[in-house]
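In the working numbering, the protein residues as written are 91 to 358.
The C-beta atom is built at its ideal place from N, Cα and C for all residues, glycine as well.
These notes are about the structure you will find just below.
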Amino acid sequence: MQLTASPVKQLALQQNIRVLQPGTLRSKEVQDEIASLNADVLVVAAYGLILPDPVLRMPSYGCLNIHASLLPRWRGAAPIQRAIQAGDAETGITIMQMDEGLDTGAILLRDVCPITANDTAQSLHDRLAQMGADSILQALRRLPNGLTAVKQDNDAACYAAKLLKSEARIDWRLDAVSIERTIRAFNPFPLCSFNHNQMTIKIGQASFQAGSGMPGQVLAVDKSGMTVACGTGAVRLEAMQKPGGKMQFAAQFLLALPIKVGTVLSAN
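Below is the structure:
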């Protein structure tokens, strides 16, 4: 519970690079401080706020954003999770020239990344983080010689809304495909969950299974997991976590907290 500097800040301090951490970019004092740097370019990664117009106009090459989707698809706060949840076959990194809109600026560079059937938000994030680093370096090297800015097609845009904890509650009436995708999309945060004996059980891993029954009904229990009926099809829960405990594979979890076949699980 201690305030800890990010890895970026720690490295900057080790290299004697000045670090500014303004609470807002809208005050004239902060804007004057940034302007005094005479920056050629300003790079934004996972910032989450729209830059005010005076800041956008400061650098000679403008402000570039490293965005974790293939814009104009998945503008907004949670592009990695929404791409998995929607069942997209691919995503990627977009280096865009920032404007006053939310991820609406012209595209300078894009790099495509496939989404595998086993990807979680964490695994996809980690690949995209490396791609983002490589892409921004490529863009910065090419910037002085000119990069063609391609205007986004607003008609093809969709919005990646911020994740809500309420979305993580499993509705067993949904089809198994949607539920399995959401479990992967919400790993590692906020983690999908269901209710059993007034306990919130979180899910770390699941897979599709054949089967049918009342939505939420436990169809089978074995060492590999607990198979639960959905609105269409079924999912096998392979890793779970009880309140105050650690994420465990099903064999360990079900030894400590047995759940019988026929039990009907509910959302939170």
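Which residue or residues does DSSP assign as beta-bridge partners of PRO204? Reading the sequence shown from its first residue, position 114 is the one you call residue 204. DSSP lists GLU180 as partners of PRO204.
Using 8 angstroms as the Cβ pair cut-off and three pairs as the minimum, do the stretch 172-181 and the stretch 231-245 touch? No, the stretch 172-181 does not touch the stretch 231-245.
What residue range does the alpha helix (DSSP H) around ALA125 cover? Sequence index remark: in the sequence shown, residue 125 carries index 35 (1-based). Element bounds for ALA125: 118-125.
Out of GLY113, LEU146, ILE140 and ARG116, which one is the CA nearest neighbour of ASN128? The sequence position of residue 128 within the sequence shown is 38, counting from 1. Of the candidates GLY113, LEU146, ILE140 and ARG116, the one whose C-alpha sits nearest the C-alpha of ASN128 is LEU146.
Three-state class that DSSP yields for GLY222 in the structure shown: Residue 222 sits at position 132 when you count from the first residue of the sequence shown. Note: GLY222 maps to helix in three-state DSSP.
Which stretch, first to last residue, makes up the alpha helix (DSSP H) that contains PHE279? Position 189 of the sequence shown holds residue 279. Careful: PHE279 lies outside any alpha helix (DSSP H) and carries neither H nor E.
First and last residue of the uninterrupted alpha helix (DSSP H) at VAL98: Your numbering for residue 98 matches position 8 in the sequence shown. Taken as a continuous stretch (DSSP letters only), the alpha helix (DSSP H) holding VAL98 covers 97-104.
In the DSSP assignment, what are the bridge partners of MET304? The sequence position of residue 304 within the sequence shown is 214, counting from 1. Beta-bridge partners assigned by DSSP to MET304: none are found.
Would you call the stretch 226-235 and the stretch 272-283 in contact, with 3 or more CB pairs under 8 angstroms? No, they do not touch.
In the DSSP assignment, the alpha helix (DSSP H) including ALA173 goes from what residue to what residue? What you label residue 173 is simply residue 83 of the sequence shown in a count that begins at 1. Start and end: 169-175.
Where does THR94 land, buried or exposed, given buried means 16+ other C-beta within 10 angstroms? What you label residue 94 is simply residue 4 of the sequence shown in a count that begins at 1. Exposed, since its Cβ has fewer than 16 Cβ neighbours within 10 Å.
Going along the chain, which residues of its own chain have a beta-carbon closer than 8 angstroms to the beta-carbon of ASP265, five neighbours each way excluded? The residue you call residue 265 lines up with position 175 of the sequence shown. Excluding residues within five positions, the ones whose Cβ falls inside 8 angstroms are CYS320, GLY321, THR322 and GLY323.
Looking at TYR249: is its Cβ nearer than 8 angstroms to the Cβ of ARG165? To locate residue 249, count along the sequence shown from 1; it is residue 159. To locate residue 165, count along the sequence shown from 1; it is residue 75. Cβ distance < 8 angstroms, so TYR249 and ARG165 count as in contact.
Which residue from GLU180, ALA136, PRO149 and GLU190 puts its Cα closest to that of ALA168? Position 78 of the sequence shown holds residue 168. Answer by Cα proximity: ALA136.
Using CA coordinates, which residue listed in MET148, VAL98, ILE140 and LEU141 is at the minimum distance from ASP122? To locate residue 122, count along the sequence shown from 1; it is residue 32. Among MET148, VAL98, ILE140 and LEU141, the Cα nearest to that of ASP122 belongs to MET148.
Please classify ILE226 as buried or exposed, where buried requires at least 16 other C-beta atoms within 10 Å of its C-beta. Residue 226 sits at position 136 when you count from the first residue of the sequence shown. Answer is buried; the Cβ neighbour count reaches 16.
For chain D, is any of its Cβ atoms less than 8 angstroms away from the one on MET188? Looking for chain D here will not work: only one protein chain is present.
Enclosing alpha helix (DSSP H) for ALA340 [first to last residue]: As a position in the sequence shown, residue 340 is number 250, starting the count at 1. ALA340 -> alpha helix (DSSP H) spans 340-346.
Rounded to the nearest angstrom, what separates ILE107 and GLN92 at their Cα positions? Within the sequence shown, numbered from 1, the residue matching residue 107 stands at position 17. Within the sequence shown, numbered from 1, the residue matching residue 92 stands at position 2. So the alpha carbons of these two residues sit roughly 23 angstroms apart.
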